[in-house]
Amino acid sequence: MKHVYGWLLLTPAAILLVGFTHFPAAATLWDSLFSTGTVVRPSRFVALGNYASLADDPIFWQVLGNNLWFALGTIPTSMAIALLMAIWVNDRLPARALVRMAYFTPTVLPMIAVANLWLFFYTPQIGLIDQLNAWLFGLPSHNWLGDPNTVLACTMVMVIWKEAGFFMIFYLAALQSLAPELEEAAKMEGASRWYFFRRVTFPLLMPTTLFVMVNATINSFKLVDHLFILTKGGPDNASSLLLYYIYQVAFSFFDTTYASTLTVILLLLLAGLALVQFQLVEKRVHYR
Amino acid sequence: MSPAGRRAPLLETAAAWLLALLWLSPLLYAFWAAFHPVEYATRFDPLAPLTLANFAKAWTYAPFPRHFLNTVLLVTMILGAQLVLCTLAGYAFARFEFAGRDIAFGLVLVQLLIMPEVLIVENYRIMSRLGLVDTILGIGLPYMASAFGIFLLRQTFKTVPRELEDAARVEGCSFIGVLWRVYVPLARPTYLAYGLVSVSYHWNNFLWPLIVTNSIETRPLTVGLAIFGAPESGVDWGVISAGTLMAVSPLLVAFLLFQRQFMQSFMQAGIK
Chain F
1 MKHVYGWLLL TPAAILLVGF THFPAAATLW DSLFSTGTVV RPSRFVALGN YASLADDPIF
61 WQVLGNNLWF ALGTIPTSMA IALLMAIWVN DRLPARALVR MAYFTPTVLP MIAVANLWLF
121 FYTPQIGLID QLNAWLFGLP SHNWLGDPNT VLACTMVMVI WKEAGFFMIF YLAALQSLAP
181 ELEEAAKMEG ASRWYFFRRV TFPLLMPTTL FVMVNATINS FKLVDHLFIL TKGGPDNASS
241 LLLYYIYQVA FSFFDTTYAS TLTVILLLLL AGLALVQFQL VEKRVHYR
Chain B
289 MSPAGRRAPL LETAAAWLLA LLWLSPLLYA FWAAFHPVEY ATRFDPLAPL TLANFAKAWT
349 YAPFPRHFLN TVLLVTMILG AQLVLCTLAG YAFARFEFAG RDIAFGLVLV QLLIMPEVLI
409 VENYRIMSRL GLVDTILGIG LPYMASAFGI FLLRQTFKTV PRELEDAARV EGCSFIGVLW
469 RVYVPLARPT YLAYGLVSVS YHWNNFLWPL IVTNSIETRP LTVGLAIFGA PESGVDWGVI
529 SAGTLMAVSP LLVAFLLFQR QFMQSFMQAG IK
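Residue numbers (my numbering), protein chains in the order written: chain F, 1 to 288; chain B, 289 to 560.
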């Protein structure tokens, strides 16, 4: 009877999970082996043909590189800021709750709203950054989002602002679980604050750091909403990311099988990261 | 967030405040732009006249009431379905030994990694086959069986002492009765945490709703906001700020009121 009840309880969720996760994932793989059909030329089996054209597609390599730079540019910086925030907020600080709230607020905003606000900062001439630059330093106007050299960095600054407060709460929880005796002992030994941080706190926070890093990397592949507002991936795909390129290929160029091929690559990347994550979780157990 | 902790040196206090101000400034600036006429957009004159005209314009330029309604419908529908489906599945995984349970659980966890927005191409195809393109149900359906919810409730249900269940059984409760009378009430904090994360996530979600909707009647706030805020719409800055603030205000107010619950829930969601 237990078998029947167990499966009965599971069935509604299982149908939806299979229908919208497992089946589409398998269908993606299958579709990537076919050419996209048109009115004149029906879809046909091309084996790994799509993967061959992917290897020759400069835009694919460009967006993949962008994804890499995007991850490298946002994750370490926002984690460093997050750690600093957590250390401050963990201290007895006047108006601590207010400060913590200020750090965390960007996390609850939708990426679209954030991009709407930041768009104006980056607008040439009338935008806030250009106005401040002209007023403070007398610098000429710059088209921040229109210049391939600055556009990706601009989106990174925005994402760092959005993410740091989220990572802060993990560090804060980890800091609060550290034994207060450690710090008292260090004080008695006359260790400086920096020395204590470098030799005691930071190593003890290592599991948290690794955990946040892997999660942030996985998440960085899903962060594309801002591109719809700020740049549409441009200029010349300089700010585009893999998932945004998939969207364009599927819904602007209507090349669905090629979009499936790109999705397979994205799934492989995510699966690889999940393996890393799994290893970390296994390791974390030994720390406790 | 214990009262313990070292008293911060003055310099660090100042730095922490400065960073807090810097972090709030984009939002503070949005308030400035929204409540002032456009000619004061970058002129920070404390005596600048205040106005609500930007909000009035934003409200009429885009069908905000409809977008609000759609988002509320969407968020409620998803959360309602998630609570039912995840409770049942979480209960099955926590308390029933059935054939293939461990494999099934592993397959559920796959969704933690492959969120529906990664499979946009195929999920769109499925929705068009089901005739659910441009419906609110079509936006919500892929999210209803949430691996995160199932996982969270399974963990919570596992901590419920077996004796409570046995006692309820002796009283004559059916297995659904046990779930409803024993497990669900004890998991209330988990439901609250999960609910906050789910509502925030779907209030803010954009990519999948954008793909699957194409009319005002179904578009949620984020999609409406993206169309409204796009540079080519030619709407002026104060109006965009006002519209953006309107769209985020319900969640922002909820966050300001229940800060601690929000942070704890988001952390649980992150740790999984």
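C-beta: ideal position from N, C-alpha, C; glycine also.
No experiment lies behind these values; they were computed from the predicted model shown.
Notebook entry, point to check: Under 8 Å between C-beta atoms, does B/GLU410 make it to chain F?
Noted result: By 1-based counting over the second sequence, the position of residue 410 of chain B is 122. It does; some Cβ of chain F falls within 8 Å.
Check: Any C-beta of chain B sitting closer than 8 Å to the C-beta of F/PHE170?
Finding: Stepping through the first sequence from its first residue, residue 170 of chain F is reached at position 170. Cβ-Cβ to chain B under 8 Å: yes for F/PHE170.
Next item on the list: Could you please give the first and the last residue of the uninterrupted alpha helix (DSSP H) stretch that includes F/TRP144?
Entry: Within the first sequence, residue 144 of chain F is the residue found at index 144, counting from 1. Careful: F/TRP144 lies outside any alpha helix (DSSP H) and carries neither H nor E.
Next item on the list: State the CB to CB distance for the pair F/MET79 and F/HIS226, rounded to an integer number of angstroms; the pair is presumed to be in contact (CB under 8 Å).
Entry: Residue numbering aside, residue 79 of chain F sits at position 79 when the first sequence is read from its first letter. Residue numbering aside, residue 226 of chain F sits at position 226 when the first sequence is read from its first letter. Between F/HIS226 and F/MET79 the Cβ distance is about 20 Å, and since that is not below 8 Å, they are no contact.
Check: Excluding sequence positions up to five away, which residues of its chain have a Cβ less than 8 Å from the Cβ of B/PHE516?
Finding: Translated into the one-based positions of the second sequence, residue 516 of chain B becomes position 228. Counting only Cβ-Cβ distances below 8 Å, and skipping sequence neighbours, we find ALA346, TYR349, ALA350, VAL523, ILE528 and GLY531.
Next item on the list: Pull out every residue of the region 224-254 of chain F whose Cβ sits closer than 8 Å to any Cβ of chain B, in chain order.
Entry: Answer in chain order: VAL224, ASP225, PHE228, ILE229, LEU243, ILE246, TYR247, ALA250 and PHE251.
Margin query: Rounded to the nearest angstrom, what separates B/ARG331 and F/ASN219 at their Cα positions?
Written below: The sequence position of residue 331 of chain B within the second sequence is 43, counting from 1. The sequence position of residue 219 of chain F within the first sequence is 219, counting from 1. Each residue's alpha carbon lies about 38 Å from the other.
Note to self: Against chain B, with Cβ distances strictly below 8 Å, would F/MET79 count as a contact?
What the structure shows: Numbered from 1 along the first sequence, position 79 holds the residue referred to as residue 79 of chain F. Not one chain B Cβ lies under 8 Å of F/MET79.
Checklist line | 8 Å Cβ cutoff, B/SER290 in contact with chain F | finding: The sequence position of residue 290 of chain B within the second sequence is 2, counting from 1. Because B/SER290 sits at a pLDDT of 42, beneath the cut-off of 50, its placement in the model cannot be relied upon, and the following sentence gives the value as read from the coordinates. Interface residue, yes.
Checklist line | Below-8 Å beta-carbon distance, B/ASN342 vs any chain F residue | finding: For this step, residue 342 of chain B is matched to residue 54 along the second sequence. Output row for B/ASN342: interface = no.
Check: Under three-state DSSP, which class holds B/ARG331?
Finding: The residue labelled residue 331 of chain B in the question sits at position 43 within the second sequence. Note: B/ARG331 maps to coil in three-state DSSP.
Checklist line | Distance, F/THR155 Cα to F/LEU145 Cα | finding: For the purposes of this step, residue 145 of chain F is identified with residue 145 of the first sequence, where counting begins at 1. For the purposes of this step, residue 155 of chain F is identified with residue 155 of the first sequence, where counting begins at 1. If you take the alpha carbons of F/LEU145 and F/THR155, they lie about 9 Å apart.
Item checked: Collapsed DSSP secondary structure at B/MET289 in the structure displayed -> Position 1 of the second sequence holds residue 289 of chain B. Reliability of the predicted coordinates at B/MET289 is poor, the pLDDT of 41 falling under 50, and no value is obtained from them.
Checklist line | Expected contact under 8 Å - CB spacing of F/LEU223 and F/ILE87 to nearest Å | finding: Along the first sequence, read from residue 1 onward, the residue named residue 223 of chain F stands at position 223. Along the first sequence, read from residue 1 onward, the residue named residue 87 of chain F stands at position 87. Not really, about 26 Å apart at Cβ, beyond 8 Å.
Note to self: Suppose contacts are defined by Cβ-Cβ distances below 8 Å. Is F/ILE246 in contact with F/LEU266 by that definition?
What the structure shows: Looking up residue 246 of chain F in the first sequence gives position 246. Looking up residue 266 of chain F in the first sequence gives position 266. Yes. Within cutoff.
Next item on the list: Evaluate the contact criterion for the region 498-516 of chain B versus the region 349-363 of chain B: three or more CB pairs, one atom per stretch, below 8 Å.
Entry: Verdict: yes, contact present.
Note to self: Let's see if you can read the secondary structure: which residues bound the alpha helix (DSSP H) around B/GLY531?
What the structure shows: Along the second sequence, one-based indexing puts residue 531 of chain B at 243. It spans 525-545 - the alpha helix (DSSP H) in which B/GLY531 sits, taken as one unbroken run.
Next item on the list: Verify the CB distance criterion: does F/MET101 have a CB-CB separation below 8 Å to chain B?
Entry: Sequence index remark: in the first sequence, residue 101 of chain F carries index 101 (1-based). For F/MET101, the answer is yes, since a Cβ of chain B falls inside 8 Å of its Cβ.
Check: Between F/LEU117 and B/ALA318, what straight-line distance do the alpha-carbon atoms span, to the nearest angstrom?
Finding: In the first sequence, counting from the first residue as 1, residue 117 of chain F sits at position 117. In the second sequence, counting from the first residue as 1, residue 318 of chain B sits at position 30. Between F/LEU117 and B/ALA318, the C-alpha separation is close to 7 Å.
Next item on the list: Could you tell me the distance, in whole angstroms, from the CA atom of F/ILE81 to the CA atom of B/VAL396?
Entry: Taking the first sequence and counting its residues from 1, the one referred to as residue 81 of chain F is at position 81. Taking the second sequence and counting its residues from 1, the one referred to as residue 396 of chain B is at position 108. Those two C-alpha atoms are separated by around 34 Å.
Notebook entry, point to check: Can you tell me the Cα-Cα spacing of B/ILE402 and F/HIS22, whole angstroms?
Noted result: By 1-based counting over the second sequence, the position of residue 402 of chain B is 114. By 1-based counting over the first sequence, the position of residue 22 of chain F is 22. Going by the C-alpha atoms only, they are around 9 Å apart.
Check: So F/LEU280 and F/VAL214 are in contact, right, with Cβ under 8 Å, and what is the actual spacing, rounded?
Finding: Taking the first residue of the first sequence as position 1, residue 280 of chain F is located at position 280. Taking the first residue of the first sequence as position 1, residue 214 of chain F is located at position 214. Your pair F/LEU280 and F/VAL214 checks out as a contact, with CB atoms roughly 6 Å apart and the cut at 8 Å.
Checklist line | Closest by C-alpha distance to B/PHE323, when choosing among B/LEU335, B/TRP311 and B/THR339 | finding: Position 35 of the second sequence holds residue 323 of chain B. Here the closest residue by C-alpha is B/THR339.
Next item on the list: Can you give me, in chain order, the residues of the region 479-496 of chain B that have a beta carbon less than 9 Å from any beta carbon in chain F?
Entry: SER488, TRP491, ASN492, ASN493, PHE494 and LEU495
Checklist line | Within the region 135-188 of chain F, ranges of the alpha helix (DSSP H) (whole runs, at least 4 residues) | finding: 151-176 and 180-188
Note to self: For B/ALA433 and F/TRP30, I'd like the C-alpha separation in whole angstroms.
What the structure shows: The residue labelled residue 433 of chain B in the question sits at position 145 within the second sequence. The residue labelled residue 30 of chain F in the question sits at position 30 within the first sequence. Using only the alpha carbons, I get a separation of about 24 Å.
Check: Under the DSSP definition of a beta bridge, which residues are partnered with F/PHE34?
Finding: Here the question's residue 34 of chain F lines up with position 34 in the first sequence. F/PHE34 is bridged to F/PHE45.
Note to self: Quick check: what's the CA-CA separation for B/ASN411 versus B/ALA475?
What the structure shows: As a working note, residue 411 of chain B is residue 123 in the second sequence. As a working note, residue 475 of chain B is residue 187 in the second sequence. Spanning the two alpha carbons is a distance of roughly 32 Å.
Check: With 16 other CB atoms within 10 Å as the buried threshold, where does F/THR231 fall?
Finding: Here residue 231 of chain F refers to the residue found at position 231 when the first sequence is read from its first residue. Buried: at least 16 other Cβ atoms inside 10 Å.
Checklist line | Any C-beta of chain B under 8 Å from that of F/PHE104 | finding: Here residue 104 of chain F refers to the residue found at position 104 when the first sequence is read from its first residue. So yes, F/PHE104 belongs to the interface.
Next item on the list: Answer yes or no: does any C-beta atom of chain F fall closer than 8 Å to that of B/VAL500?
Entry: One-based indexing of the second sequence puts residue 500 of chain B at position 212. It does not; no Cβ of chain F falls within 8 Å.
Margin query: For F/ARG198, count the other beta carbons within 10 Å of its own beta carbon; 16 or more makes it buried, fewer makes it exposed. Which is it?
Written below: Counted from its first residue, the first sequence places residue 198 of chain F at position 198. Its Cβ having fewer than 16 others within 10 Å, F/ARG198 is exposed.
Item checked: Distance, F/PHE211 Cα to F/LEU178 Cα -> What you label residue 178 of chain F is simply residue 178 of the first sequence in a count that begins at 1. What you label residue 211 of chain F is simply residue 211 of the first sequence in a count that begins at 1. C-alpha separation (whole angstroms): 17 Å.
Item checked: Selection of the region 448-464 of chain B by Cβ proximity to chain F, strictly under 7 Å -> Here the close residues are PHE463.
Notebook entry, point to check: When the cut-off is 8 Å and only beta carbons count, does F/LEU117 lie next to chain B?
Noted result: Here the question's residue 117 of chain F lines up with position 117 in the first sequence. So, interface residue.
Check: Helix, strand or coil for B/ILE402 per DSSP?
Finding: Locating residue 402 of chain B in the second sequence gives position 114, counting from the first residue. Note: B/ILE402 maps to coil in three-state DSSP.
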